[in-house]
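Have a look at the structure below, then the notes.
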Amino acid sequence: MQELKLIMKMTLKERKDVLLSILFGFLAGVTAVALFASSGYLISKAALTPPIYTLMIIVAMVKMLGISSALSRYGERYFSHRGTFSMLRNLRVYVYEKIEPLSTTILQKYRSGDILARIVGDVESLQHFFLRVFYPPIVLMTVFIATITFTMVFSIPIAMVILIGMIIVVIIVPGLFYLYQRRIASNVRSYRGQLSSEVTEYLYGFTDLKIYGQAESKKDNILDKVNLYEQANQQANNQQAFRESLLTFVSFIVSVAVLGLAGYFVSIGNLEGILLAMLFMISLTVFEDTSNMALFPAYLEETKQSANRLEEVWNVNEETSERKKPFELESNLAPIITLENVTKRYPSTPRPVAQNISLHFEAGSKIAIVGASGSGKSTVLQLILGMIQPTDGLIRWNKDSIAYLEEETLWKHANVSLQSNHFFYGTIRENLHLANSEATDDELREALDNVNLHQIRLDDLLQEQGSNLSGGEKQRLALARLFIRSAAIWALDEPTSSLDAVTEKHIWDKIDQYSEKSTVIVVTHRLTRLQKMDEIIVMDHGKVVEKGTYHNLMQHNGYFKRMKDLENEKLNL
Numbered sequence: 001m002q003e004l005k006l007i008m009k010m011t012l013k014e015r016k017d018v019l020l021s022i023l024f025g026f027l028a029g030v031t032a033v034a035l036f037a038s039s040g041y042l043i044s045k046a047a048l049t050p051p052i053y054t055l056m057i058i059v060a061m062v063k064m065l066g067i068s069s070a071l072s073r074y075g076e077r078y079f080s081h082r083g084t085f086s087m088l089r090n091l092r093v094y095v096y097e098k099i100e101p102l103s104t105t106i107l108q109k110y111r112s113g114d115i116l117a118r119i120v121g122d123v124e125s126l127q128h129f130f131l132r133v134f135y136p137p138i139v140l141m142t143v144f145i146a147t148i149t150f151t152m153v154f155s156i157p158i159a160m161v162i163l164i165g166m167i168i169v170v171i172i173v174p175g176l177f178y179l180y181q182r183r184i185a186s187n188v189r190s191y192r193g194q195l196s197s198e199v200t201e202y203l204y205g206f207t208d209l210k211i212y213g214q215a216e217s218k219k220d221n222i223l224d225k226v227n228l229y230e231q232a233n234q235q236a237n238n239q240q241a242f243r244e245s246l247l248t249f250v251s252f253i254v255s256v257a258v259l260g261l262a263g264y265f266v267s268i269g270n271l272e273g274i275l276l277a278m279l280f281m282i283s284l285t286v287f288e289d290t291s292n293m294a295l296f297p298a299y300l301e302e303t304k305q306s307a308n309r310l311e312e313v314w315n316v317n318e319e320t321s322e323r324k325k326p327f328e329l330e331s332n333l334a335p336i337i338t339l340e341n342v343t344k345r346y347p348s349t350p351r352p353v354a355q356n357i358s359l360h361f362e363a364g365s366k367i368a369i370v371g372a373s374g375s376g377k378s379t380v381l382q383l384i385l386g387m388i389q390p391t392d393g394l395i396r397w398n399k400d401s402i403a404y405l406e407e408e409t410l411w412k413h414a415n416v417s418l419q420s421n422h423f424f425y426g427t428i429r430e431n432l433h434l435a436n437s438e439a440t441d442d443e444l445r446e447a448l449d450n451v452n453l454h455q456i457r458l459d460d461l462l463q464e465q466g467s468n469l470s471g472g473e474k475q476r477l478a479l480a481r482l483f484i485r486s487a488a489i490w491a492l493d494e495p496t497s498s499l500d501a502v503t504e505k506h507i508w509d510k511i512d513q514y515s516e517k518s519t520v521i522v523v524t525h526r527l528t529r530l531q532k533m534d535e536i537i538v539m540d541h542g543k544v545v546e547k548g549t550y551h552n553l554m555q556h557n558g559y560f561k562r563m564k565d566l567e568n569e570k571l572n573l
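Each residue of the sequence shown is one higher than the one before, counting from 1 in full-length UniProt numbering.
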């Protein structure tokens, strides 16, 4: 039960509501049994036509027990749900705090739809732990014990029959079905994650699927996942219905046995006839709440699976996640960046995307990383920023290994523009404020002018993912964010790849102006404007094949020189 350690901890944080739920649940169960027992006794007593005043105490007791049962049931529902929602709130905060620092690592391992299914669906599933797993067996056992103790006063054999029924209903049947439920619950979880991933991918890639005529094929694939999920769900529901029916049948058999045994004892004079209806009503009522035990196996396994799936997410980088510390710069000076024999390998790729990379960037240096498509340029930039972790080797900012630094504190010192930049649904102003929430409208307007977006207004509405902007406009809007915050490092990945030459030159002049004292690392396949760089890193197939100044590399007549000559030939065609 190690999987339940977290949810148990969250539940016990609300121990006041837990204890009150158990108390009121016990009172509700006991008063319900007492109510029906009193009713049975009252019916039998009234059948003997005694004077009406002799029934008044029993009538008053029935009324009192009815009111008490209703109030106790209300108290049970109130405190159990309040405790559950409080636990769920704490759990959501805990999950977010665990996965937020590891978001970049998590996104490399899991598909976005699967992550969504885990942090929404699995967290939601954990609310059933308290309501369906933790306290119902406790309440049921205490009510049974109290009822059996009361029944023993009148007939020990009848009490033993109820005890045997309790063991079957509370322990044996749920235990057997729990063993079978484990396989079904696992299938439901797996299919739900697959379905969520497929639907997310379909929605994000719908345009491309339509263009290439694959939308129907993808849709059929999703429908297959839906069918598998529904079949697994239906199988689980059928099992639940069967469990409820079986428990109801066992309860009925126990009640019949109690009635038959009590009737026999009355016939031989070992039991007063007036108690027959009371004992029968007790056996009927005490088993009413056993329907909760029909749900117990399914919800126990669901809780364990959900807790496991959540822990898998935040354990992707367990060895360092608990030991990370914030990174601080003195006077916002650019850090010295060092890569020592860094290798990055993905499980799905046959060769490393970056191999034995050793680099050293002085504070305030201007660096270009160039190479053909797929040479590992962007990977090196992401490694430097801590967006992905190296398989081997060490990356330092000043003297600190970034493996033990909080990524967010690294990024607050960096202006980053990647090949793919996200835009949120909202105004241009709101999207620019992501970079600096305190920037004034004048500063935002100046940033837009710096990237030649004069026609765009701050109140213009931006669609989700910037779908109402062209590729060049999205790239310029992403760059505009950089001009409203100061940063010690500028990390730019193909920042002007979608721009015309005139706009590109204008923006580069602005970047040079704003980043004069900062470290600038530019990833590009274009070999223009490299004369200003302090060092050029040339990559091929994940390795650094050359490095040096523009002048030295052109004189060396190596890989960079051949790339430059080839680019010049294309320009002269």
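Beta carbons: idealized from backbone N, C-alpha and C, even for Gly.
- Per the C-alpha coordinates, the member of PHE134, THR528, TYR550 positioned closest to ILE537 is TYR550.
- Listed in chain order, the non-local C-beta contacts of ALA34 below 7 angstroms within the same chain comprise LEU65, local neighbours out to five positions each way being set aside.
- For the set LEU126, PRO495, LYS517, the Cα lying nearest the Cα of TRP508 is the one of PRO495.
- A straight-line Cα-Cα distance of about 10 angstroms links GLY269 and ALA262.
- Here ALA363 really is in contact with THR519; their C-beta atoms are around 6 angstroms apart, less than 8 angstroms.
- Within 10 angstroms of the beta-carbon of GLY213 lie fewer than 16 other beta-carbons, which makes it exposed.
- In the DSSP assignment, ARG396 forms a beta bridge with THR338, SER401.
- When C-alpha distances from ASP224 are compared across ILE402, VAL170, VAL199, GLY75, the shortest belongs to VAL199.
- Nearest in C-alpha terms to ASN468, of all of ASP441, ALA439, ILE428, is ILE428.
- Spatial neighbours of ARG345 in its own chain (CB-CB distance under 6 angstroms, excluding positions within 5 residues in sequence) are listed in chain order as PRO352, THR391.
- Residue environment analysis places LYS377 among the buried positions, since at least 16 neighbouring C-beta atoms fall within 10 angstroms of its C-beta.
- In the DSSP assignment, ILE388 falls outside any beta strand (DSSP E), carrying neither H nor E.
- Taking PHE24 as reference, the option from GLY558, THR142, LEU566 with the minimal CA-CA separation is THR142.
- Of all alpha-carbon atoms in VAL173, LEU458, LEU418, the one lying nearest the alpha-carbon of HIS433 is that of LEU458.
- Leaving aside the five residues that flank LEU333 on each side, the residues in its chain whose CB is nearer than 7 angstroms to its CB run, in chain order, ALA363, ALA488.
- One Cα belongs to LYS547, the other to ILE484, and the distance between them is close to 32 angstroms.
- Listed in chain order, the non-local C-beta contacts of SER21 below 7 angstroms within the same chain comprise GLU76, PHE79, SER80, GLY83, TYR135, local neighbours out to five positions each way being set aside.
- In the structure shown, GLU546 falls within a strand segment according to DSSP collapsed to helix, strand and coil.
- Among the bridge pairs identified by DSSP, GLY364 is matched with none.
- If you look at GLU516, you'll find it isn't in any beta strand (DSSP E); DSSP assigns it neither H nor E.
- Between the alpha carbons of LEU410 and ILE167 lies a distance of about 59 angstroms.
- In this structure, the straight-line span from the alpha carbon of ALA159 to that of GLU100 is close to 55 angstroms.
- Contact check for GLN240 against ALA146 fails: the beta carbons are separated by 9 angstroms or more.
- A straight-line Cα-Cα distance of about 7 angstroms links THR285 and PHE36.
- Exclusion of the five residues before and after ASP17 leaves PHE79, SER80, ARG82, GLY83, SER86 as the residues of its chain whose Cβ lies within less than 8 angstroms of its Cβ.
- Here LYS344 is bridged, per DSSP, to ALA354.
- Taking the CA atoms as reference points, SER375 sits about 24 angstroms from TRP397.
- Annotation: the stretch 453-508 contains the following complete segments of the beta strand (DSSP E) (minimum length 3 residues), in chain order: 489-493.
- Counting only runs of 4+ residues, the alpha helix (DSSP H) found wholly inside the stretch 84-145 occupies 103-109, 112-116, in chain order.
- Spatial neighbours of VAL30 in its own chain (CB-CB distance under 7 angstroms, excluding positions within 5 residues in sequence) are listed in chain order as VAL143, ALA146.
- In its chain, beyond the 5 residues on either side, ALA487, ILE489, ALA491 have a beta carbon closer than 6 angstroms to the beta carbon of ALA414.
- Taken through DSSP and simplified to helix, strand or coil, ASN292 comes out as helix.
- Less than 9 angstroms divides the Cβ of ALA257 from the Cβ of GLY165.
- Beta-bridge partners assigned by DSSP to ALA414: ILE489.
- Residue environment: GLN531 is assigned as exposed (fewer than 16 neighbouring CB atoms within 10 Å of its CB, all protein chains considered).
- DSSP places ASP441 in the uninterrupted alpha helix (DSSP H) bounded by 441-450.
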